[in-house]
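Heads up, this note's numbering is the position in the sequence shown plus 981, with the first residue counted as 1.
Where is the CB? At the ideal position from N, CA and C, for every residue including glycine.
Worksheet: one structure, shown below.
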Amino acid sequence: TLEEQKARISSHAGNVLAVTALIFAAGIFTGILSGTGMVDAMAKSLLAVIPPSFGPYLAVFTALVSLPFTFFMSNDAFYFGILPVIAQTAASYGITAEEIARASIVGQPFHLLSPLVPSVYLLVGLAKVDIGDHQRFAIKWGILVSLVLMAGGLLTGAFPLFHT
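Set out below in structure tokens:
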């Protein structure tokens, strides 16, 4: 009946509204970071502290920093703002953009625990689990899966440990 449908929608409205608000907020945040040049400035600052002798290791470096970077910033900011600068720098060491792109995906299992991922709020709301409890339980598994993914990428040659 119509009343049952309304009741069903109302029971999930709080979760849906929170996710919708978060999506808009993430879009605004990403637009501000990109539009003001802050993403470029952060990427250039990061690269300024990397010594030239570390350049051949940029693929592994990218894999490792993808964990915290995609957790604390949006995927858009990392993949469209920081990663192109890392890829361009890595090219001067003979590391291809494709290898850097493959390495950057290592952090995605950990990214899905980020408070910037709107679907996490829907998930914990429907499961009636506190987001902090969810993160405390799953964080070790997210890191473990990311490290296994990195080992697999290195073993299969998807990206190099060191490029001469």
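TODO: Pull up the CB-CB distance for Ile1124 and Leu1048, whole angstroms please, since I reckon it's below 8 angstroms.
DONE: 7 angstroms
Task: For Phe1146, the first and last residue of its enclosing alpha helix (DSSP H) - done: Only positions 982 to 1145 of the chain appear in this structure, which leaves residue 1146 out of reach.
- [ ] May I ask you to report which of helix, strand or coil DSSP gives Thr1077?
- [x] coil
- [ ] Locate the alpha helix (DSSP H) running through Lys1121, then write down its first and last residues.
- [x] Ile1112 to Thr1137
Task: Backbone secondary structure at Thr1017 - three-state DSSP - done: coil
Task: Which of helix, strand or coil DSSP assigns to Ser992 - done: helix
- [ ] Could you please give the first and the last residue of the uninterrupted alpha helix (DSSP H) stretch that includes Pro1090?
- [x] Gln1089 to His1092
TODO: Label Glu1079 either buried or exposed according to how many other C-beta atoms from any shown protein chain fall within 10 Å of its C-beta, with 16 as the threshold for buried.
DONE: exposed
Task: Proximity of Ile1112 and Tyr1102 at Cβ, strictly below 8 angstroms - done: yes
Open item on the list: Please state whether the Cβ-Cβ distance between His1144 and Pro1033 is less than 8 angstroms.
Closed with: no
- [ ] Please name the residue, chosen from Gly1138, Gly1075, Leu1039 and Ser992, that lies closest to Met1109 on a Cα-to-Cα basis.
- [x] Note on residue identity: the sequence assigns Lys, not Met, to residue 1109. Closest option to Lys1109, Cα to Cα, is Ser992.
TODO: Would you kindly check if the distance between the Cβ of Ala1040 and the Cβ of Ala1084 is under 8 angstroms?
DONE: yes
Task: Backbone secondary structure at Ser1026 - three-state DSSP - done: helix
Open item on the list: Measuring only the C-alpha atoms, how far is Val1105 from His1115?
Closed with: 7 angstroms
Open item on the list: Taking only three categories from DSSP, how would you classify Ile1031?
Closed with: coil
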